[in-house]
Each structure stands twice: as C-alpha cells, then as structure tokens.
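Taken in sequence, the protein lines are chains A and B.
Per the numbering used here, the very first residue in the first sequence carries number 41; after that it's consecutive.
Per the numbering used here, the very first residue in the second sequence carries number 41; after that it's consecutive.
Note that beta-carbon positions come from the ideal geometry of N, C-alpha and C, so glycine has one too.
There are 2 protein chains.
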Amino acid sequence: MSSSAAQQPTPQLFFQTINAYQRTESLKAAIELEVFTAIGEGNATPSDIAKRCSTSERGMRILCDYLCIMGFLAKQDQRYSLTPDAAMFLDKRSPAYLGGTTEFLCSPMLTDGSKNIAEAVRKGGTALPDEGTIGPENPVWVKFARAMGPMMAMPSQLIPKLVDPQANQKLKILDIAAGHGLFGIGFARNNPQAEIVALDWAPVLAVAKENARQAGLTDRYSTIEGSAFDVEFGSGYDLVLLTNFLHHFDPPTCETLLRKVRTALVEGGRAVTLEFVPNDDRVTPPDTATFSMMMLISTPAGDAYTFAELEKMFANAGFTRSTIQQLPPTIEQVVISER
Amino acid sequence: MSSSAAQQPTPQLFFQTINAYQRTESLKAAIELEVFTAIGEGNATPSDIAKRCSTSERGMRILCDYLCIMGFLAKQDQRYSLTPDAAMFLDKRSPAYLGGTTEFLCSPMLTDGSKNIAEAVRKGGTALPDEGTIGPENPVWVKFARAMGPMMAMPSQLIPKLVDPQANQKLKILDIAAGHGLFGIGFARNNPQAEIVALDWAPVLAVAKENARQAGLTDRYSTIEGSAFDVEFGSGYDLVLLTNFLHHFDPPTCETLLRKVRTALVEGGRAVTLEFVPNDDRVTPPDTATFSMMMLISTPAGDAYTFAELEKMFANAGFTRSTIQQLPPTIEQVVISER
Numbered sequence: 041m042s043s044s045a046a047q048q049p050t051p052q053l054f055f056q057t058i059n060a061y062q063r064t065e066s067l068k069a070a071i072e073l074e075v076f077t078a079i080g081e082g083n084a085t086p087s088d089i090a091k092r093c094s095t096s097e098r099g100m101r102i103l104c105d106y107l108c109i110m111g112f113l114a115k116q117d118q119r120y121s122l123t124p125d126a127a128m129f130l131d132k133r134s135p136a137y138l139g140g141t142t143e144f145l146c147s148p149m150l151t152d153g154s155k156n157i158a159e160a161v162r163k164g165g166t167a168l169p170d171e172g173t174i175g176p177e178n179p180v181w182v183k184f185a186r187a188m189g190p191m192m193a194m195p196s197q198l199i200p201k202l203v204d205p206q207a208n209q210k211l212k213i214l215d216i217a218a219g220h221g222l223f224g225i226g227f228a229r230n231n232p233q234a235e236i237v238a239l240d241w242a243p244v245l246a247v248a249k250e251n252a253r254q255a256g257l258t259d260r261y262s263t264i265e266g267s268a269f270d271v272e273f274g275s276g277y278d279l280v281l282l283t284n285f286l287h288h289f290d291p292p293t294c295e296t297l298l299r300k301v302r303t304a305l306v307e308g309g310r311a312v313t314l315e316f317v318p319n320d321d322r323v324t325p326p327d328t329a330t331f332s333m334m335m336l337i338s339t340p341a342g343d344a345y346t347f348a349e350l351e352k353m354f355a356n357a358g359f360t361r362s363t364i365q366q367l368p369p370t371i372e373q374v375v376i377s378e379r
Numbered sequence: 041m042s043s044s045a046a047q048q049p050t051p052q053l054f055f056q057t058i059n060a061y062q063r064t065e066s067l068k069a070a071i072e073l074e075v076f077t078a079i080g081e082g083n084a085t086p087s088d089i090a091k092r093c094s095t096s097e098r099g100m101r102i103l104c105d106y107l108c109i110m111g112f113l114a115k116q117d118q119r120y121s122l123t124p125d126a127a128m129f130l131d132k133r134s135p136a137y138l139g140g141t142t143e144f145l146c147s148p149m150l151t152d153g154s155k156n157i158a159e160a161v162r163k164g165g166t167a168l169p170d171e172g173t174i175g176p177e178n179p180v181w182v183k184f185a186r187a188m189g190p191m192m193a194m195p196s197q198l199i200p201k202l203v204d205p206q207a208n209q210k211l212k213i214l215d216i217a218a219g220h221g222l223f224g225i226g227f228a229r230n231n232p233q234a235e236i237v238a239l240d241w242a243p244v245l246a247v248a249k250e251n252a253r254q255a256g257l258t259d260r261y262s263t264i265e266g267s268a269f270d271v272e273f274g275s276g277y278d279l280v281l282l283t284n285f286l287h288h289f290d291p292p293t294c295e296t297l298l299r300k301v302r303t304a305l306v307e308g309g310r311a312v313t314l315e316f317v318p319n320d321d322r323v324t325p326p327d328t329a330t331f332s333m334m335m336l337i338s339t340p341a342g343d344a345y346t347f348a349e350l351e352k353m354f355a356n357a358g359f360t361r362s363t364i365q366q367l368p369p370t371i372e373q374v375v376i377s378e379r
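Here's what the structure looks like:
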C-alpha cells in the first residue's frame, strides 16, 4: 500500500469487520464439506473438489477462492492446494486435525453469548442466563472435553517438558477441571512415576477417564468428582494443574481457590497455570488479548488476566513466587507459582 | 514473527477465523453503544467512556481493548483514541458516518444466508427461499436504499468526475436500479445540464426521490417504476448507469439486460458499470474478491465478475469496447462500455 493510500481513511476495515461472520461460516462450511481433506487427497480443480464433496462446481469455486483469501488455500493456474496450516490442522487424515473443535467453539452456548455484546458490555458480564458457561454442571463442558482435545494436544505435550524436564522423580499431580484430561495425561506420559488425580464434574470425567485408559494409564490415574470449589482435594501434591480455568472467575474467587490449592501442595510444591496472559497493555499479543472478549461474552466476571494480576492473586493466596513462560507455537502462557 | 515461527504450522489462523463472528458482533455493539462517538467527544478512559455510553466500566474496557486489536482504536497509557478510519466513518458526528449501514449489512436477509453456506455450495446458489435478495420486490432493497447511502457517497462523487469530467454538455442519463439514487444525483450535481431518469421498484424509488428533492433536483429528475427486466427504458440516453446491479445475475441474464440497455443508448452513448471486479485469479484484490461469497450466499446465480467476463457480456450484447478503471479509495471498479 502506498503511503498516501494508507493515509486516506477508507471504509475497508469497517466493511471487512462487519462481514467477518462470513469468515466463520465459510470455514465451518469447508470443514463440514471436507474441502481440506478433498484437496489433501489430491483433488485440485473446482470440478474435482466439487465431485469429491458432492457439491456444485460453481459453489465450490467460490468457497475455495474465499478460503484462499482467508489464507487456508493457495491457488495457482486455477488449481488449489493446502497451506501448511490447513494440511496440518484441517485435513481429516492429519493426527492434528482440529475440525472437530467447532462442535465446542461454535456451540450455541458460545455463539449465542455474542449475539448481544452490547448487553454484556452494559452489564459487565455475560448476557446468557444461568451464569453462562460456568453454570453448575453446564453440559457444554462435556462437549468441550470431547471436542477440544486436539487443540490441547500440543500444549499438553509442551508443559510437562517445561515443568518436569528430568522426569525422574515420583510426582503426585492434581489436575483441576481436567476436562479431556490431556494435561494430566501428558505429565504421566512424560514421567513414568507421575501419578494423576483428575478433578471435574462426573460427566466430564468420563471423557478424561476414557482418554487415560486409551493412554494405558489406569493404575496411575484416579479421579475426584465435583466442583473444584466444593470438593476436598486431599493433600501431598507436588504439582497442581490449573489449565484454562482461572479465566472463568473474578480475582476474589480465584484467590479463594488458590488458597485451597496451596494447602494441598507439599513443601516446595508448585501450581502450574495455563492461561491466555496478555501484556500489561491488554491489547498485545493480539490473539491472546482477544480472549478477554470471549470471557465477557460467556462468563459473569471472567477475564484474560495479565501476569501482574495473576502474580497478585497467587501472592494474596500465600504463594511465594510466580514466573511466566511463553509456550510457542501456542498463544498461551504458563505461570509457575511456588508454594 | 521470526521466520522459524512462520514456518511452523500453528492453529492461530483457524482460531481467529472460527471466532471471526465476534468481530462482527463487537463492532455492531460498539456502534449501538456509540463508543466511537463518545471517544470522538473526548472521553478517553474506560470509566469516562462507560459513563457516556451507560455501560459497566469493565465491559467497556474489554470492548475497547478488542476494538484496539481490530484496528478501530489506539491505546496509550490506558487512554483510547479513534483511528483516522474510525473518526471518519464511525463517529456519528462525521458526515461520512457509516454506522447506519449495519441496518442493511447485518439485516437477517444477508446474515441468514450465511448460516448455511455448505448448502449454498452444494446448490451453487443461495439457500434462502424465494431467490434470496433478488426475489420480486424484496423489501431488503428499501432498507438498502435507506441505509447504504453513506457508503455510496464517495463513489457517487468520484464516478461523474471520471465519466463526465468537462460537465459542459446536455446529458440524458438512465440510472438503473437507482436505489438511494445517489449515483444519478451525483451526475446531476456534477453537470447542471444532466437530466436523470431513475428506475427501480416503487417503494425504493421513494427513497431516491426524497434524496433528489433534498439535492434540489426535482426538475431534472424523473422516474420509471418497476423491474429493469420488464419496463420500457425509453430511448435517447447518453449514459446508462449500472451500479452494483449486474453481480446479482448470471451472465445470460446480464446479457439480455445489456442488449436492452444498448438499444436505449444514443449513437456514441456509454454504459457505466460500477462493480466489484476481481483480477482474473479471482482472489485479488482480497476485499474486492470476497464479494463473490456474498453473492453465493444471497442470490441464485450472481457473482463478482472479472473484467474479462464483463467485457464478454458487453461484447455479446453488441457493445464495441469496454475499459476498466480503479476507483480508489473504494474497493470497486468502473467499467465503461461504448455502444
């Protein structure tokens, strides 16, 4: 863009943004029609892709062009190919396939919350009934546990390497709000002496237990059914995992939980928090910082907390020291807090 | 981004795109709450903006951060300011305010069409009933005429300067599917000897006539009520305007209309077409090329035609020569076709 073009205001950003919902819907359609899988299999022309996906050629051409514009496909000489991201995450035959996460990410519980953002801004919290996603035993979390595993595969492998790099000592680990259970399972896979206690609502734990069984972990895997705010944790934990959990609650609620976490830890024990932690400006890094809007839409008082805010919550709960680490290539950060 | 980070596939684009609907909804909320106007008036902190917009401070802080990430606001020392685009197009006090266009751009007629893009791809045309937006006398076009004027203000001033730069000769102009009427009115404003005949469905023409009256053009402004495909155009036109019209129809339908247009033109007369004309690759320029998806969603067989396709339609209809010109800073192009 020339500098004079950049200086003149244009309605382009407005137009792009007001139509951004078509990006969501086009990507959903492409996943539903298995367009990425079809192209991964070698279909490259609108005609061949359309045949493989049982659609019109014209509709497929328009969809594939749109997918090019969004950056999921490349096009040369009227032939489409997958970008590396699409090949890795959107071809059904890839072990890192993420298409199933739309079951959760596009569930009405989340999308309905965004239908009235003005009201959420007025209120300062979700406009959904029954406390949004954090309502008691909200079934969306079973959907989450079933659908979001693939999205968590990468961080669940990275975190144990960061926190337990030697992997040569007995570790007792409490996995709070375990969901799919992959974080605890990741620690158990990393360290054959790690023993996991997974905590979540019973219907969600069914998914975690299934995943643990598939990982061959039954003898080192036990569970506590219920809400993390209500049940007894037990004690003697070397690590307590708080993965994508604190962002649902306000700081006083988090602090109450963290005090309980601290009591469950052994001397020298650590809390391991995975979170979307924006910089102090709250607008960078952009993908991390947008998570705050997701929490406004879907929870009464949750947020994407800065490291300073998390550090203060842990300090108020009695932890001596917190440190933060990036977890590339994910957009999340890990905070490790010492008892 | 470092080159190694760029090479490693990440789920970021997937995540951004699947959540893109939150961009639409957040911008709509900000317009509804008059956030841009509030900041334009000098409110800069979350607390002051929240007070002016009658919202919670927490919700406003999260919304404003999200607007920063999207590029509509800037933030420094916890104070927000408008970007030049937002000041020009989203502050209600600006004459170029575009907020009202959401009445059309986010009308259920358009957003409902995108709820089942997979079905539109299968069919090769809109999944909406009654031919989508081109159904007979579809009331969405009255909404269009009332809401979209501000978006068309800029092109409606630029095109007359391009087509009638001297503005010193009598011109009889047919404005097909006039809508808000601004294009014809632009020619009449540019040239005191220009006489406009505006054609559209009666309820839409009411808006065009109102705009013509406000521009003081009653004596040089007449109308033809009905569908461009059915009514008599009359004859002796120096110019026929086809602004944002051809994209709703398939090429044979366009050619039928263009033959009729040609007949209505004088020797040496010209058809002036404003369109979203992508390059031959159909994926650049991106903002222009995305318009094809809008047509798939909302019409049975419309498209964003390339210049080669438009040129062929005009040639098949008997026009001797077509030329294309960019219309910066808009994302549209003007095709001038000689009888």
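| Query | Result |
| --- | --- |
| Do the CB positions of R310 of chain B and I376 of chain B come within less than 7 Å of each other? | yes |
| Fully enclosed by the stretch 88-144 of chain B, which alpha helix (DSSP H) runs are 4 residues long or longer? | 97-110, 124-129 |
| Once you ignore the five residues that flank D327 of chain B on each side, which residues in its own chain have a CB closer than 7 Å to its CB? | I371 |
| Can you give the Cα-Cα distance for D240 of chain B and P291 of chain B, rounded to whole angstroms? | 21 Å |
| Secondary structure at A234 of chain A, three-state DSSP: helix, strand or coil? | strand |
| Any heavy atom of the ligand MN within a distance shorter than 6 Å of the CB on I337 of chain B? | As presented, the structure is devoid of all ligands, the ligand MN included, so that no description of it is given. |
| Is the beta carbon of Q197 of chain A closer than 7 Å to that of I226 of chain A? | The amino acid occupying residue 226 of chain A in the given sequence is Gly; Ile does not appear at that position. Against a cut-off of 7 Å, the Cβ pair of Q197 of chain A and G226 of chain A comes out as a contact. |
| Name the residues in the stretch 49-71 of chain B whose C-beta lies less than 8 Å from a C-beta of chain A; which are they? | P49, T50, P51, Q52, L53, F54, F55, Q56, T57, I58, N59, A60, Y61, Q62, R63, T64, E65, S66, L67, K68, A69 |
| Please report the Cβ distance between W181 of chain B and V237 of chain B, rounded to the nearest whole angstrom; I am assuming they are in contact, meaning their Cβ atoms lie under 8 Å. | In fact, because the Cβ distance is near 19 Å, the residues do not count as touching under 8 Å. |
| Can you give me the Cβ contacts of P200 of chain A inside the same chain, cut-off strictly under 6 Å, excluding the 5 residues immediately before and after it? | G226, F227, N230 |
| As a quick exercise: from A:T95, A:S332, A:N284, A:I102, pick the residue whose alpha carbon is nearest that of T346 of chain B. | A:I102 |
| So, is F33 of chain A buried or exposed, given that buried needs 16 or more other C-beta atoms within 10 angstroms? | Absent from the model: residue 33 of chain A. The displayed extent of chain A is 41 to 379, so no value can be given. |
| Does the beta-carbon of S44 of chain A have 16 or more other beta-carbons within 10 angstroms, so that it is buried, or is it exposed? | Confidence in S44 of chain A is poor, its pLDDT being 42 and thus under 50, which makes the residue's placement too unreliable to answer from. |
| So, for E295 of chain A: in the same chain, excluding its five sequence neighbours on each side, which residues have a beta-carbon less than 8 Å away from its beta-carbon? | M353, N356, A357 |
| Going by DSSP, what residues sit across from T293 of chain A in a beta bridge? | According to DSSP, T293 of chain A bridges with nothing at all. |
| Do you know offhand how far M110 of chain A's Cα is from Y61 of chain B's? | 14 Å |
| Classify V182 of chain B as helix, strand or coil using the three-state DSSP reduction. | helix |
| Going along the chain, which residues of its own chain have a beta-carbon closer than 8 Å to the beta-carbon of R361 of chain A, five neighbours each way excluded? | S377, E378 |
| I need the DSSP call for Q197 of chain B, collapsed to helix, strand or coil. | helix |
| Measuring straight from C-alpha to C-alpha, what distance separates T50 of chain B and T173 of chain B? | 38 Å |
| At the level of alpha carbons, what is the spacing between A167 of chain A and K115 of chain A? | 42 Å |
| Quick one: list the residues of chain B neighbouring C108 of chain A, beta-carbon separation under 8 Å, in chain order. | V323 |
| Relative to the C-alpha of E143 of chain A, which candidate in A:A187, A:A218, A:V280 has its C-alpha closest? | A:A187 |
| To the nearest whole angstrom, what separates the beta carbons of K155 of chain B and E65 of chain A, a pair I think is in contact under 8 Å? | 7 Å |
| Where do the ends of the alpha helix (DSSP H) carrying L245 of chain A lie? | 242-254 |
| Indicate the three-state DSSP secondary structure (helix, strand or coil) for V375 of chain A in the structure shown. | strand |
| Contact defined as beta carbons within less than 8 Å: I believe I213 of chain B pairs with D259 of chain B. What is the distance between those atoms, to the nearest angstrom? | About 15 Å; that fails the 8 Å criterion. |
| Under 7 Å Cβ to Cβ from G80 of chain A, same chain only, skipping five residues before and after it: list those, please. | L122, A127, D131, R133 |
| Can you tell me the Cα-Cα spacing of L367 of chain A and L314 of chain A, whole angstroms? | 9 Å |
| Tell me, please, whether the CB atom of T330 of chain A is closer than 7 Å to any CB atom in chain B? | yes |
| Check for me: the beta strand (DSSP E) holding D278 of chain B runs from which residue to which? | 277-283 |
| For R302 of chain B, count the other beta carbons within 10 Å of its own beta carbon; 16 or more makes it buried, fewer makes it exposed. Which is it? | buried |
| Tell me the residue span of the alpha helix (DSSP H) that contains L305 of chain B. | Unbroken run through L305 of chain B is the beta strand (DSSP E), 305-315; no alpha helix (DSSP H). |
| Would A160 of chain A and V247 of chain A be called neighbours here (beta carbons separated by less than 7 Å)? | no |
| Going by the beta-carbon positions, is the gap between D204 of chain B and L281 of chain B smaller than 7 Å? | no |
| Which residue marks the beginning of the alpha helix (DSSP H) containing T263 of chain B, and which one marks its end? | Counting along the chain, T263 of chain B falls outside any alpha helix (DSSP H), though it belongs to the beta strand (DSSP E) covering 261-265. |
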